[in-house]
């Protein structure tokens with residue numbers, strides 16, 4: 116099997132069926148919920164939320180009741196983990212509002228990027244898989260992200 120070139124920083128690893136996959140990046144972030152609590156109770160709370168959460172994320176946060184701050188902390192950590200895995204950090208290439216994290220039907224967090232973010236990254240949503248795990252407890256929220264080149268994409272490239 117002929118491999119397509121790996122993106123800078125990526126590495127191939129074997130998966131079942133003799134195929135290989137490409138990890139483009141791995142990211143992790145940890146947020147102190149008490150620190151976020153102080154922000155959300157302060158004068159910049161609305162501005163902070165509008166800068167960090169999409170409208171759909173804010174709606175879901177509002178529905179969390181007493182666990183609202185945990186939810187927001189988890190989303191903040193997740194967005195930071197995603198940009199670390201993408202290798203760009205929050206900024207011009209990908210901003211907080213370029214990333215939306217909503218649950219699928221089973222409750223698993225699913226990360227979606229805007230078309231503009233994909234374009235600025237030089238990646239395609241059809242060729243890239245964003246894996247995300249979020250966890251939180253009373254004092255901390257943590258998120259782990261993996262960016263993978265889709266196996267079917269690189270298998271199709273190899274067949275050309």
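In the numbering used here, the protein residues as written are 116 to 275. Cβ atoms here follow ideal geometry from the backbone N, Cα and C, with glycine treated the same way.
#### Entry: Simplified DSSP state of residue 227, which is helix, strand or coil
Three-state result, residue 227: strand.
### Query
Short check: CB of residue 155 to CB of residue 205, under 8 Å?
For residue 155 and residue 205, no; Cβs fall outside 8 Å.
### Query
Among all the DSSP beta bridges, which residues are the ones paired with residue 259?
143, 248, per the DSSP bridge assignment.
### Query
For the putative contact between residue 199 and residue 142, defined by C-beta atoms under 8 Å, what is the C-beta separation to the nearest angstrom?
So it is a contact: roughly 3 Å between Cβ atoms.
### Task
With DSSP as the reference, label residue 238 as helix, strand or coil.
Judged by DSSP in its simplified three-state form, residue 238 adopts coil rather than helix or strand.
### Task
Go ahead and pull the three-state DSSP assignment for residue 134.
DSSP, read as helix, strand or coil, puts residue 134 in coil.
### Query
In terms of residues, what are the limits of the beta strand (DSSP E) holding residue 217?
Following the DSSP letters along the chain, one finds residue 217 inside the beta strand (DSSP E) bounded by residues 214 to 218.
### Task
Answer yes if the stretch 237 to 246 comes into contact with the stretch 254 to 264, meaning at least three C-beta pairs across the two stretches below 8 Å, and no otherwise.
Taking 8 Å as the limit for Cβ pairs, the verdict is that the stretch 237 to 246 does touch the stretch 254 to 264.
### Message
Taking DSSP's pairing of strands, which residues face residue 129 in a bridge?
### Response
As computed with DSSP, residue 129 is found in a beta bridge with 135.
### Query
Helix, strand or coil: which one does DSSP assign to residue 205?
DSSP places residue 205 in strand when its eight states are reduced to three.
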